[in-house]
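Student: Below is one structure. I have some questions about it.
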Amino acid sequence: MDAHDQTGVALAIIGAGVALFLGSLPLIYRRVPMNRFYGTGLGDLYKSQQRWYDIDAYSGRRAAWWSWPIVLTGVVGLVLPRPLRIYLRSDCDCRYSRDRADPGRADNALDKCN
Numbered sequence: 459m460d461a462h463d464q465t466g467v468a469l470a471i472i473g474a475g476v477a478l479f480l481g482s483l484p485l486i487y488r489r490v491p492m493n494r495f496y497g498t499g500l501g502d503l504y505k506s507q508q509r510w511y512d513i514d515a516y517s518g519r520r521a522a523w524w525s526w527p528i529v530l531t532g533v534v535g536l537v538l539p540r541p542l543r544i545y546l547r548s549d550c551d552c553r554y555s556r557d558r559a560d561p562g563r564a565d566n567a568l569d570k571c572n
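Residue numbers for the sequence shown follow the working numbering, so the first one is 459 and each next one is one higher.
Below you can see the structure in the form of structure tokens.
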């Protein structure tokens with residue numbers, strides 16, 4: 459995994475957090491009618507419309523709140539300096555290449571890990 463891959467992963471994490479936040483907005487604003495596909499589908503929820511909207515609004519607020527740590531995780535992945543990102547990853551191939559690197563070769567395997 460190189461720096462471009464790490465940037466892509468960070469952007470995907472940010473996108474997931476933003477999608478979770480945007481998906482929670484209709485629940486918060488009580489725009490989702492009773493259905494089986496979107497919203498919190500618990501057994502007693504279908505007994506009254508008011509109960510459906512109350513519980514969906516609560517779960518939408520929780521989802522919106524938890525979307526921000528997800529976005530923050532992606533942002534941290536974007537702003538970490540490149541050497542630290544590479545140091546933090548667990549890539550056995552790079553450790554193996556560093557141990558076996560031939561300093562005389564132009565296409566040293568160590569260059570792929572930096």
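We put the beta carbon where it would ideally sit given N, CA and C, even for glycine.
1. Starting from the C-beta of R494, find all residues in its chain whose C-beta is less than 7 Å away, skip the five residues before and the five after it, and write them out in chain order.
2. Give me, in chain order, the residues of the same chain whose beta-carbon lies closer than 6 Å to that of W510; leave out the 5 immediate sequence neighbours on both sides.
3. Look at the alpha carbon of I472 and the alpha carbon of F479, and state the distance between them as a whole number of angstroms.
4. By Cβ distance below 6 Å, which residues in the same chain neighbour G532 in space, the five residues on each side in sequence not counted?
5. Helix, strand or coil for Y511? Go by DSSP, reduced to three states.
6. Suppose the cutoff is 7 Å on Cβ atoms and the five residues either side in sequence are ignored; what does the same chain contact list for G535 look like?
7. Less than 8 Å between the beta carbons of S517 and L483, yes or no?
8. Taking just the CA atoms, how far does T498 sit from S506?
9. So, with DSSP's three-state summary, where would you put Y554?
Tutor: Taking the geometry as given:
1. Numbered from its first residue, the sequence shown carries residue 494 at position 36. Excluding five sequence positions before and after R494, none of the CB atoms of its chain fall closer than 7 Å to its own CB.
2. Here residue 510 refers to the residue found at position 52 of the sequence shown. The residues are M492 and L503.
3. As a working note, residue 472 is residue 14 in the sequence shown. As a working note, residue 479 is residue 21 in the sequence shown. Approximately 11 Å between the Cα atoms of the pair.
4. Indexing the sequence shown from 1 puts residue 532 at position 74. Same-chain partners within the cutoff: A468, I471 and I472.
5. Against the sequence shown, residue 511 aligns to sequence position 53. Y511 falls in the helix class under three-state DSSP.
6. Here residue 535 refers to the residue found at position 77 when the sequence shown is read from its first residue. So the list reads Q464, V467, A468 and I471, once near-sequence residues are dropped.
7. The residue you call residue 517 lines up with position 59 of the sequence shown. The residue you call residue 483 lines up with position 25 of the sequence shown. No, the Cβ-Cβ distance between S517 and L483 is not below 8 Å.
8. What you label residue 506 is simply residue 48 of the sequence shown in a count that begins at 1. What you label residue 498 is simply residue 40 of the sequence shown in a count that begins at 1. Their backbone Cα atoms lie some 14 Å apart in a straight line.
9. As a position in the sequence shown, residue 554 is number 96, starting the count at 1. Because the pLDDT at Y554 is just 47, under 50, the model does not fix this residue reliably, and the value given afterwards should be weighed accordingly. It is helical.
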